[in-house]
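S.K.: Supplied in structure tokens, the structure appears directly below.
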Amino acid sequence: MRMMTQIRTDISFQIKHGFYLAYLVVSVFYITFLAFIPPSWKETAAVLLIFSDCSFLGSFFVGGIILLERDQGMIQQLLISPLRISEYILGKALSLSCLATVASSVILLASFGLSLHYTPILVAVFICSLFATFLGMMVAIRVKSLNQYLLVTPLFVPIFFLPMANYFSLPAPTLLKWTPGYNTLQMITDGFHPIPHLSLPIFILISWVILFFFITKRQYERIFFKNGGE
Amino acid sequence: MARILSLLFYDLKAIWKDLMTMISIFAPILMALFFRFATPILDEAFFKGTTFPPSDQNLVIGLLLLLTTPVMLGMMSGFILLDEKDEGIAMSIAVTPFQLKGYLFYRLYLPMIISLLLAFPVLTIGGFTEIMTLRLLPFLLLIIVETPIIALLMASTAENKVEGLAIAKVISIILAIPIAIYFIDHPALMLAGILPPYWPIKGYLLTMNGWHLSGFLFLIIGILYHLLLFYYLMKRYERR
């Protein structure tokens, strides 16, 4: 119940600060772009847009949210509120993943209609977005300003885009197959051309999300209890 | 003592913010380095045999890089303006002899000059030297005006840094303009004219085989549109 309230609060915050409106504009642009590019490029462009933009939007937005809440003293208030740190973290990740999933659905439905298998694509976007938001939260709590956040994240978020090399059939180490990016791409591709044995990518993705959730939770607990979020 | 410490604190903060701006300079150079190595690999593995030959790849990616620098620096300036608005620094400076205009001059024109200075090193490092012709210069001067336009758009529209982030997300769309212009051959693309970089980039592409009336037209409309936008956003920022 408390978790649901937190997700609702986070979604309201995101709507109030224009995240949904911003992503609506971005989605309209992507839909227009996909409608006019040559058909031979359309699928590749859609897969790359959904993977690199929608799935990772959480890592872009969460930095601003955490930094604003820290400046306004809301994070410090967590220590005296009944809300658990895990609920706070999950609220952010789940709400931003909802935005990512809704945006992906709108873009794909408008561009491809019902010709795709939506379940693997949307599951992949949702789980990858959870992962990306945890990643963003880990950075956001350590930086001092939004500019610093925006300069630091592009240094390592693209590391998770490396599996695109596999997508383009470029020479790449097999180790990449165990990364969240590779498995997200696999599941998104599955929505266009079904591939067998999808349970392994789902298992790998969920394992990454659980691992990053616990790392983020531990980091936030350590920082909060050490200096009250300062 | 407390006042001196307080001043020192603000000065150090300002230096830190400028340092971050300085660091942002390296981001386009890093991108240029990435594309220098990535473009031939992508061509070999993905674009070979398609309707996207290496010469066109260089053109599109080169223009994308050229646009990235003013967009990035514009966003950074926008966030600094929002930061300083939140902290009341902009208002404090407005009542000093430096005045709001002096403050904006520093915050808007400095990144614009940096964008201009970075344009040629970025193209050289990226290996896109064929774009570097005299013909590019008027369009390049227009492209770097995106820096203050983006900064002012963010600072005059957003209430705080989080809203600035949402606006930055929308602004990032303009980075797709070189790709869209190349791949989309449809009259509806004219609608992209609402996005300022459309005019210099399309204008430059129209003059690939020499100057024509259409190239001049795109340049003149681009200049007028940028001036109009700049004036409107400046007034809007001053009102707020």
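In the order they appear, the protein sequences are chains A and B. The working numbering puts the last residue of the first sequence at 230; the count rises by one with no breaks. The working numbering puts the last residue of the second sequence at 470; the count rises by one with no breaks. For every residue, glycine included, the Cβ atom is placed at its ideal position computed from N, Cα and C.
Just tell me which of B/Leu330, B/Thr326 and B/Leu372 has its CA closest to the CA of B/Ile343.
M.R.: B/Leu372
S.K.: Determine, for A/Asn166, whether the minimum Cβ-Cβ distance to residues of chain B falls below 8 Å.
M.R.: Not one chain B Cβ lies under 8 Å of A/Asn166.
S.K.: Jot down the residue ranges of each uninterrupted alpha helix (DSSP H) in the segment 16–62 of chain A, minimum 4 residues, whole runs only, in chain order.
M.R.: 19–36 and 39–49
S.K.: Quick check on DSSP: helix, strand or coil for A/Val143?
M.R.: Note: A/Val143 maps to coil in three-state DSSP.
S.K.: I'd like the span of the alpha helix (DSSP H) that includes B/Ala398, first residue to last.
M.R.: Lys391 to Ile401
S.K.: From the beta carbon of A/Leu146, is the nearest beta carbon of chain B less than 8 Å away?
M.R.: True, the Cβ-Cβ gap to chain B drops below 8 Å.
S.K.: Is A/Leu176 near A/Tyr167, with beta carbons less than 8 Å apart?
M.R.: no
S.K.: So with CB distances below 8 Å, who are the chain B contacts of A/Ile65?
M.R.: Val392
S.K.: Closest by CA to B/Asn288, which one among B/Ala268, B/Gly304 and B/Ala275?
M.R.: B/Ala268
S.K.: Quick one: list the residues of chain A neighbouring B/Ile379, beta-carbon separation under 9 Å, in chain order.
M.R.: What B/Ile379 touches in chain A: nothing, since even the nearest Cβ is about 17 Å away.
S.K.: Among A/Phe36, A/Arg2, A/Glu43 and A/Tyr30, which residue has its Cα nearest to the Cα of A/Ser241?
M.R.: This structure does not reach residue 241 of chain A, given that chain A is present from 1 up to 230, and the question cannot be answered.
S.K.: Taking the straight line between their C-alpha atoms, what separation do you get for A/Asp190 and A/His117?
M.R.: Distance between the alpha carbons of A/Asp190 and A/His117 is about 8 Å.
S.K.: Quick check on DSSP: helix, strand or coil for B/Asp415?
M.R.: Coil.
S.K.: Helix, strand or coil for B/Leu278, going by three-state DSSP, please let me know.
M.R.: As written in the sequence, residue 278 of chain B is Lys, which differs from the Leu given in the question. Here B/Lys278 sits in coil by DSSP.
S.K.: Just to confirm before moving on: does the CB-CB distance between A/Ser104 and A/Leu122 stay below 8 Å?
M.R.: yes
S.K.: Measure the C-alpha to C-alpha separation of B/Pro430 and B/Leu458 and round it to an integer number of angstroms.
M.R.: 15 Å
S.K.: On the DSSP letters alone, give me the boundaries of the alpha helix (DSSP H) that A/Thr184 sits inside.
M.R.: Pro180 to Phe192
S.K.: Does the beta-carbon distance from B/Gly356 to B/Arg470 come in below 8 Å?
M.R.: At the C-beta level, B/Gly356 and B/Arg470 stay beyond 8 Å of one another.
S.K.: Closer than 8 Å, CB to CB, is A/Gly229 near chain B or not?
M.R.: Here the model assigns A/Gly229 a pLDDT of 48, short of 50, so the residue's position is not dependable and the matter cannot be decided.
S.K.: Please state the DSSP three-state secondary structure of B/Leu447.
M.R.: helix
S.K.: Taking the alpha-carbon positions, what's the A/Gln76 to B/Leu311 distance?
M.R.: If I take the Cα positions, the gap works out to 26 Å.
S.K.: Quick test of the definition: if touching needs 3 or more C-beta pairs under 8 Å, does the segment 387–407 of chain B touch the segment 329–338 of chain B?
M.R.: no
S.K.: From which residue to which residue does the alpha helix (DSSP H) around B/Ile343 run?
M.R.: Leu340 to Gly356
S.K.: Please work out which residues of its chain come closer than 7 Å, Cβ to Cβ, to A/Glu87, disregarding the five sequence neighbours upstream and downstream, and give them in chain order.
M.R.: Arg2, Met3 and Gln6
S.K.: Please list the partners that A/Leu68 has in chain B, where partner means a Cβ-to-Cβ separation under 7 Å.
M.R.: Asn390, Lys391 and Val392
S.K.: Taking 8 Å as the threshold (beta carbon to beta carbon), is A/Phe33 in contact with chain B?
M.R.: yes
S.K.: Residue range of the alpha helix (DSSP H) that B/Glu314 falls in?
M.R.: Pro284 to Asp316
S.K.: Is the CB-CB distance between A/Leu150 and A/Ser129 below 8 Å?
M.R.: no
S.K.: Report the residue ranges of all beta strand (DSSP E) runs contained in full by the segment 114–141 of chain A; include only those spanning at least 3 residues, in chain order.
M.R.: none
S.K.: Could you please give the first and the last residue of the uninterrupted alpha helix (DSSP H) stretch that includes B/Phe369?
M.R.: Leu366 to Ile373
S.K.: I want to verify the contact list: residues of chain B whose CB lies under 9 Å from the CB of A/Leu90, in sequence order.
M.R.: By Cβ distance, chain B contributes nothing, its closest Cβ being about 20 Å from A/Leu90, past 9 Å.
S.K.: Who are the neighbours of A/Ile188 on chain B, taking C-beta pairs under 8 Å?
M.R.: Under the 8 Å cutoff, chain B gives no residues; its nearest Cβ is about 17 Å from A/Ile188.
S.K.: Please determine if the segment 426–440 of chain B and the segment 362–370 of chain B are in contact, where contact requires at least 3 C-beta pairs separated by less than 8 Å.
M.R.: With the cut-off at 8 Å, the segment 426–440 of chain B and the segment 362–370 of chain B touch.
S.K.: Looking at the structure shown, is A/Leu176 part of a helix, part of a strand, or coil, going by DSSP?
M.R.: Looking at A/Leu176 - three-state DSSP - the assignment turns out to be helix.
S.K.: When you compare each of B/Leu260, B/His456, B/Val290 and B/Met438 to B/Phe358 by their alpha carbons, which one comes out closest?
M.R.: For the residues B/Leu260, B/His456, B/Val290 and B/Met438, the minimum Cα distance to B/Phe358 belongs to B/Val290.
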